[in-house]
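Below: the structure, in structure tokens.
Numbering (the UniProt record's numbering), first residue to last: 1 to 298.
In structure tokens form, the structure reads like this:
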């Protein structure tokens with residue numbers, strides 16, 4: 001994808017849908033950050049596990065409003081700004097997927113959440129994987145949306161596009177505006193963009209063995225025109241326990257599967273972020289362990 005398209009990931013839709021208001025929001029001291037978070041619904045009062053939503057690269061909580069609206073009626077929802085994103089200021093701290101996963105874990109613990117379902121988009125999906133790998137007792141179900149578990153899961157063109165990013169590309173964007181609300185120094189914004197480029201070009205390298213070891217049931221979602229290679233998405237699905245030979249033989253699923261795979265047609269890496277209605281109808285049954293349908297054909 002081109003540089004313009006990659007930068008577009010960070011911009012919200014032209015008209016922001018009206019959604020629910022957070023029941024709690026603010027900043028918490030998390031691993032050296034003043035991390036901004038929002039909670040929708042009442043934590044600890046629902047029998048349903050809360051859903052932690054993790055935005056993608058350069059994105060903030062504002063970008064997740066449509067997703068919050070889709071899920072908040074049925075379960076508490078938590079969303080937060082990663083280091084340097086939205087209302088969370090950058091620091092001199094190094095960026096890594098592992099560190100961001102630890103930040104998410106510390107946030108859940110600060111909110112006294114013992115277990116949460118976790119859904120991450122793009123960079124946020126990689127962070128969700130690290131959270132599930134490094135803090136498995138905190139993660140109930142895992143949804144990876146347009147994300148990879150290692151660098152070779154992306155098409156090479158993605159890294160070329162990221163390498164072309166600069167502070168000038170984001171001039172006048174909501175990303176620059178949000179950053180300058182807490183940090184006016186233009187050099188700090190330039191440094192942030194460079195750190196983000198290093199983070200996303202270096203990506204992460206979770207091994208196959210580590211992927212198999214994650215205990216959380218997993219749903220893998222990509223578009224067929226995504227930045228994520230389709231064969232990588234299938235590999236993720238299989239490593240997470242996907243594929244049922246008994247179902248292949250009988251034509252029926254007799255138990256709730258450990259992993260699910262969704263590939264949306266004619267859908268790009270940016271486009272998938274707008275498929276809220278379609279994906280909510282698939283993600284909710286996964287989160288609720290809905291039994292598979294086996295209609296009678298006779």
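C-beta atoms are modelled at their ideal positions from N, C-alpha and C, and glycine is treated no differently. Note that this is a predicted model, so its numbers are computed, not measured.
Between residue 266 and the set 204, 82 and 223, the nearest pair of CA atoms involves 223.
The Cβ atoms of residue 153 and residue 229 lie closer than 7 Å to each other.
Here residue 65 is buried, its C-beta having at least 16 other C-beta atoms within 10 Å. Beta-bridge analysis with DSSP links residue 205 to 150. In this model, residue 149 and residue 298 are separated by some 43 Å (Cα to Cα). In this structure, DSSP gives residue 113 a state outside helix and strand, which the three-state scheme calls coil. For residue 160, the enclosing alpha helix (DSSP H) has its first and last residue at 156-163.
For residue 33, the uninterrupted beta strand (DSSP E) segment begins and ends at 33-40. Under DSSP, residue 225 forms a beta bridge with 268.
Taking residue 286 as the centre and dropping the five residues before and after it, the same chain places the C-beta of 141, 143, 217, 219 and 260 closer than 8 Å to its C-beta, in chain order. With 16 or more neighbouring CB atoms inside 10 Å of its own CB, residue 118 falls in the buried class. For the 7 Å CB-CB criterion, residue 167 and residue 193 form a contact. Under a 10 Å Cβ-count criterion, residue 76 is classified as buried, with 16 or more other Cβ atoms of the shown protein chains found around its own Cβ. Nearest C-alpha to residue 155 among 268, 276 and 178: 268.
For residue 29, the enclosing beta strand (DSSP E) stretches over residues 24-30. Its Cα nearest to that of residue 33, the residue 100 stands out among 164, 170, 111 and 100.
The region 185-192 makes contact with the region 84-97, as at least three CB pairs between them are under 8 Å.
Within the same chain, Cβ atoms closer than 6 Å to the Cβ of residue 135 are found at 105, the five residues on either side in sequence being excluded.
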